[in-house]
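Presented below is the structure to which this report refers.
Chains as they are written, first to last, in the working numbering: chain A, 309 to 410; chain B, 213 to 304.
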């Protein structure tokens, strides 16, 4: 059980590092938005799953499970919406800049 | 304990990338993307604090940070869209 928790947390942090690398290295705002939002959603969800396994393993009680479930639900609902809004604003800003420069 | 230290250091390194994009971003959308990554890292840090101190209060803080980041991202992206529409409407 401790092995599973450690693997989940390490994979979560590695995915967060991949998101940071994508934010630093990718060429334009739309690609950076893809790197940031998807990878960050996966990373925080894996962290929540690791903490769920930790709460089950140590028998911390149902308050932990309820709050972690609500947090997972909030993350999985709100982060794709934020990704969509960011992608839309990136495209609109890019086209308005292209129109202004041409 | 050492696993927690490794996780904290790696999260700090990835937050440096978010801070760089927040300060140096060429467009306004890049800054908002950096802010979004920083909010995600803040949620992860809150989960780590809940794990270390074994208190459920930090989970409530994490839910609050997630919702605040969502509303902030939506507000900024709406602002960028309104500004771009305004500018392109003026120029054309």
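Think of the CB as a built atom: it goes at the ideal place given N, C-alpha and C, for glycine as much as any other residue.
Taking 6 Å as the limit between beta carbons, can you name the residues of its chain near residue 349 of chain A, skipping five residues before and five after? 387
Is there a Cβ of chain A sitting closer than 8 Å to that of residue 239 of chain B, yes or no? Cβ-Cβ to chain A under 8 Å: yes for residue 239 of chain B.
Would a check of beta-carbon distances place residue 265 of chain B closer than 8 Å to chain A? no
Residue 367 of chain A in three-state terms, based on DSSP: coil
Rounded to whole angstroms, what is the Cα-Cα separation between residue 222 of chain B and residue 257 of chain B? 11 Å
Taking 8 Å as the threshold (C-beta atoms), are residue 270 of chain B and residue 262 of chain B in contact? yes
For residue 303 of chain B, count the other beta carbons within 10 Å of its own beta carbon; 16 or more makes it buried, fewer makes it exposed. Which is it? Its pLDDT being 48, under 50, residue 303 of chain B is placed unreliably by the model, and the measurement read from it follows with that caveat. By the neighbour-count rule (16 or more Cβ atoms within 10 Å), residue 303 of chain B is not buried but exposed.
What span of residues does the alpha helix (DSSP H) with residue 325 of chain A cover, start to end? 310-333
Beta-carbon proximity list for residue 321 of chain A, same chain, < 7 Å, skipping 5 on both sides: none
Going by DSSP in three states, residue 239 of chain B sits in which element: helix, strand or coil? coil
Coil, strand or helix - residue 401 of chain A by DSSP: helix
Quick one, which residues of the stretch 240-274 of chain B are near chain A if we go by CB-CB under 9 Å, in chain order? 240, 241, 242, 244, 245, 246, 248, 249, 251, 252, 253, 255, 256, 259, 260, 262, 263, 266, 268, 271, 272, 274
Say whether chain A places a C-beta atom closer than 8 Å to the C-beta of residue 303 of chain B. Here residue 303 of chain B scores only 48 on pLDDT, less than 50, and its place in the model should not be relied on; the value that follows carries that caveat. Chain A contact via Cβ: present.
Please classify residue 290 of chain B: does DSSP put it in a helix, a strand, or coil? helix
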